[in-house]
Amino acid sequence: MSSFDDMDAFEGAASLSARAMAARPQPYLEGLNPAQRAAVEQMDGPVLMLAGAGTGKTRALTARIVHLLNTGRARPNEILAVTFTNKAAREMKNRVGAMLGQSIEGMPWLGTFHAICVKLLRRHAELAGLKSNFTILDTDDQIRLLKQLIRAANIDDKRWPARQLSSIIDGWKNRALTPDKVPAADGGAYNHKGVELYAQYQARLKELNACDFGDLLLHVVTIFQTHPDVLGQYQRWFAYILVDEYQDTNVAQYLWLRLLAQGHKNICCVGDDDQSIYGWRGAEVGNILKFETDFPGAHVVKLEQNYRSTPHILGAASGVIAGNKARLGKTLWTDKDEGEKVRLIGHWDGEEEARWIGDEVEAAQRGTRGMDPVSLDQMAILVRASHQMRAFEDRFLTIGLPYRVIGGPRFYERMEIRDAMAYFRVVVSPEDDLAFERIMNTPKRGLGDKAQQTIQIAARANEVSLVEGARLAVEQGLIKGKGGKELGALVAGIDRWNSELRGPRIEMTVDDDAVLDEGGPAPRFEYGPPRLSHVELAEIILDESGYTAHWQNDKTPEAPGRLENLKELVKALEGFENLQGFLEHVSLIMDNASEDAGSKVSIMTLHAAKGLEFPMVFLPGWEDGLFPSQRSMDESGQKGLEEERRLAYVGITRAEEVCTISFAANRRVFGQWQSSMPSRFIDELPEEHVDVLTPPGLYGGGFGAASPSMGVQSNLHQAAADANVYNSPGWKRLQARSGERPISQPKESKNTVIDLTAVSSFTVGERVFHQKFGYGAIVEIEGDKLEIAFEKAGTKKVVARFVSGCDDIPF
Ligand code: ATP
Ligand code: MG
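The sequence shown runs 332 to 1142 under our numbering.
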């Protein structure tokens, strides 16, 4: 029964069949504690489970679904169950099936708010002025559409970027505000034109039979509010409503749930006010705190036993979150064995941190930490900002450690990184037409389809590259106006950057008859050493091309993250001799990247880790400014800081057995060393739950001289710091010469595992070893690239410096 046609026939059908269902065995209840059982068995009326991390909220919610089905209280399609991610929805479905001991015939209403709303909207599209085959716009389409409207209104979209308007509109949609409901106080938005443009945008979407992401909820809420008959049907249909992670619902989601729950009033929400981490996206922690007012007579269940983490991990997390003022405060306990203390370690810089974590992961995998071997699936690295991932990805690729990035593309697949790389490619090789195609109008240079076609035709007609085609088109005045001018500047830029890359051309005064020793005519010119380092040049390319400014002027929430990723990219260049070497490295790792199946270590943001758990968790980058994030403190003050602290709590409570927090004394930003202070959250960790580790004695003398048992000092970060970096001669030197790379820092290349092996030392047929692919024989040598027939991994092309002769293997 998936439509409403036969819905009424089902009403009141609880009797005999339901009683027979209730007599079925209920093994899924057995593992639950009394409080969880109460939440499962209290089937009538509203239920709230407001409890700390790892107390079994999601598990109880899942058992409740099973119980409803097993006792015949509801059929699978009468249960509305909302999860935070599609992945969580899939897992919940599988678990329900497993607990029930049989496959369920589908739960169409188990999913995220968005997934469920798409279904509802397709059924009732006409009530929102759409056809049921409406399209859902992605962000790019959304921006393009807004731009058209902005221009039509004669607004300068440089001063008032479309992205800014789109995030204002998203904000209104999160609050369930249609254009006519936007409060007068918001009238000044987007230079007083926001509301008007919002109305135009909504009208245009209807003409296009389209909607954006925010519309999915907004339209359904509006339909429910304006069509009581439709709402009534669903109120009757959804016998039970269940919501996980309720603390992160926004106003629109809250209204939607409240409207639906007015029917049977069987709504069960679970959440934790301490884990509300989406305030920046419109989530209202107040929703969970006023549940009892919204649903009078609610049965409130408290869960206090944590089943996930050891006492030390729990103690550390509880200590940190206690620093927040705006919270209910909850008791958490566990009967697990004491386990290891939370490990805290300070590193010299971000690269060392990545190296150390890579070593730790490998050691755990081999079982050399005095523990049983831990599989990669059981380990996770949780970062505050996505740009932190790059160092781990590079390190793991280098040592051949399989990893997956959850909740976002891998670093080198991100849009801004691909754009920047395309610039580098054109500069290194102006014949790279694909790269030029990508950047010629990125950022926008006013080159429409026609202008781009003109360039293509000019290139083809003259059998030259696109860059040359563009030059011809400009010279011959084929592209007029702003587009032509900006294209001319781009071509001139490419010439300039390319000559900086090669170094200045030096004309030679040579006799026409002169020949070199090896024979052949003597060169008429040569290139001197480049004046700029390739890192400086990369920055110049991104600046002069307008690409950096493009993101600086962008007012959307993602823009700062994209800028940080670009900085991270420039930083990554430092590990290479030149741009070309870097581009090769990336193309090779991209080539090999997707091949690993099986167990992998997870890298994800703290936000994406919500609801998940792992035996071993690494929390790197605990430095003030990075975590807590400066941006969130600047934008939201004390509230922002408290949200960051909740994020710290979420992070620590993901760990079951081993939790390691780390920070680096130095991070390199745009080629400049910046010293950073350990996160203020580190000092909030209760000392009795923390072990301060000493990093391996990489730097001799000053570093690593202190022992881990030196005891807890006045504060933890001082202890961690004393145990290594801050006391070192290198640190002091760095402070004295800020902005420069400290000489004491080891010059090890970030991409080297084994000592660099000279390319020439390899011969075809030689047996070699590669960290990732194992043993193999060299088939072909091409410059510094080797084609190797690996014994297990098949034939692959790899960079020679990641390969060592079999005699060199250091074990
Ligand atoms: P979070 O706040 O992080 O979302 P949660 O409250 O939803 O956590 P769950 O993920 O449901 O917690 O449970 C945490 C862990 O404890 C899971 O591994 C779960 O299987 C286990 N667990 C939950 N309840 C029990 C129980 N009664 N007995 C044994 N283990 C349990
Ligand atoms: Mg949960």
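Even for Gly, the Cβ is constructed at its ideal location relative to N, Cα and C.
Cβ of residue i within 7 Å of Cβ of residue j?
i	j	result
Tyr532	Ala405	no
Val1110	Glu1118	yes
Val1021	Val673	yes
Val932	Met720	no
Gly814	Gly777	yes
Val798	Leu910	no
Glu635	Ser993	no
Tyr878	Ile652	no
Lys596	Pro377	yes
Val736	Thr936	no
Glu671	Val989	yes
Pro492	Asp955	no
Asn505	Gly610	no
Val1023	Ala986	no
Arg368	Leu360	yes
Ser717	Gly892	yes
Go to residue i, then tell me how far its beta strand (DSSP E) extends in each direction, as first and last residue.
i	result
Ala1120	Lys1116 to Phe1121
Arg836	Arg836 to Glu838
His938	Unbroken run through His938: none, as it is neither H nor E.
Gly1125	Gly1125 to Val1130
Val948	Phe945 to Leu950
Ile810	Where Ile810 is concerned, there is no enclosing beta strand (DSSP E), given that its DSSP letter is neither H nor E.
Tyr734	Tyr734 to Ile737
Should residue i be labelled buried (16 or more other beta-carbon atoms within 10 Å of its own) or exposed?
i	result
Ala515	exposed
Gln784	exposed
Gln584	buried
Leu586	buried
Pro959	buried
Gln473	buried
Pro1073	Here the model assigns Pro1073 a pLDDT of 31, short of 50, so the residue's position is not dependable, and the following value carries that caveat. So Pro1073 counts as buried.
Ala484	exposed
Asn793	exposed
Lys489	exposed
Leu347	exposed
Phe856	exposed
Asp1008	Reading the sequence as shown, one finds Met at residue 1008 and not Asp. Met1008 comes out exposed.
Arg421	exposed
Leu659	exposed
So for residue i, helix, strand or coil by DSSP?
i	result
Thr557	helix
Gln433	coil
Leu496	helix
Tyr571	strand
Thr729	helix
Gly779	coil
Pro358	helix
Ser864	coil
Asp764	helix
Val1090	With a pLDDT of only 36 at Val1090, under the threshold of 50, the placement of this residue in the model should not be trusted; the figure read from the coordinates follows. If DSSP states are grouped into helix, strand and coil, Val1090 belongs with the helices.
Ala351	helix
Phe1104	coil
Phe755	helix
Gln367	helix
His523	coil
Ser649	helix
Gln473	helix
Pro642	helix
Asn829	helix
Thr389	helix
Ala592	helix
Asn793	helix
Glu799	helix
Met720	helix
His630	strand
Locate the alpha helix (DSSP H) running through residue i, then write down its first and last residues.
i	result
Trp679	No alpha helix (DSSP H) contains Trp679, which is instead part of the beta strand (DSSP E) from Val673 to Asp680.
Gly971	Gln961 to Ile983
Asp625	Phe622 to Asp625
Glu857	Careful: Glu857 lies outside any alpha helix (DSSP H), inside the beta strand (DSSP E) at Phe856 to Tyr858.
Gly892	Ala890 to Leu904
Does any C-beta atom of chain C lie closer than 7 Å to the C-beta of residue i?
i	result
Pro959	Among the protein chains of the structure shown there is no chain C, as only one such chain exists.
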